[in-house]
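Here is the structure we will look at, set down as structure tokens.
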Amino acid sequence: MKYLIDIENDESDDFERLADNVGVLQVFDSNGNEITKSSKVSLFLSKNALIGLGTELIRLAHNYKEGKHYHIEPASKEMMVQTLGVFLTPDSCELIVGCSDEKVIDDYFKE
């Protein structure tokens, strides 16, 4: 399959101008405790994983529903499930991707 996507690199995309393109990244330990502030997260994707995940994220955005989420679990010999266009290696941790209405970025810095 060949993907042909022509997205003009515009200096004034609506999402940039509105500053409402906000994401929240949280990290939890195995006991469910949030450890975001003391953590660093790395996500390495092959070219086709970038294409697969990017395609599925665009589809998700076009069918956006607050609270909708996907669990991407690491593959195992017993179960290799592709979710949101990607497989995770067996040594990866679970990744949860969800739809969440967030504030504009400036609101996170108001006192």
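My numbering numbers the first residue of the sequence shown as 87 and each following residue consecutively.
Heads up, the beta-carbon is just placed ideally off N, CA and C, and yes, glycines get one too.
Examine the ligand NAD and report whether any of its heavy atoms sits within less than 6 Å of the Cβ of residue 104.
The ligand NAD is absent from the structure shown, which contains no ligands of any kind.
Span separating the alpha-carbon of residue 99 from that of residue 164:
44 Å
Beta strand (DSSP E) segment containing residue 181, residue limits:
181 to 184
Comparing C-alpha positions only, which one of 118, 101, 117, 141 sits nearest to residue 91?
141
Look up residue 172 in the DSSP assignment and give the residues it is bridged to.
169
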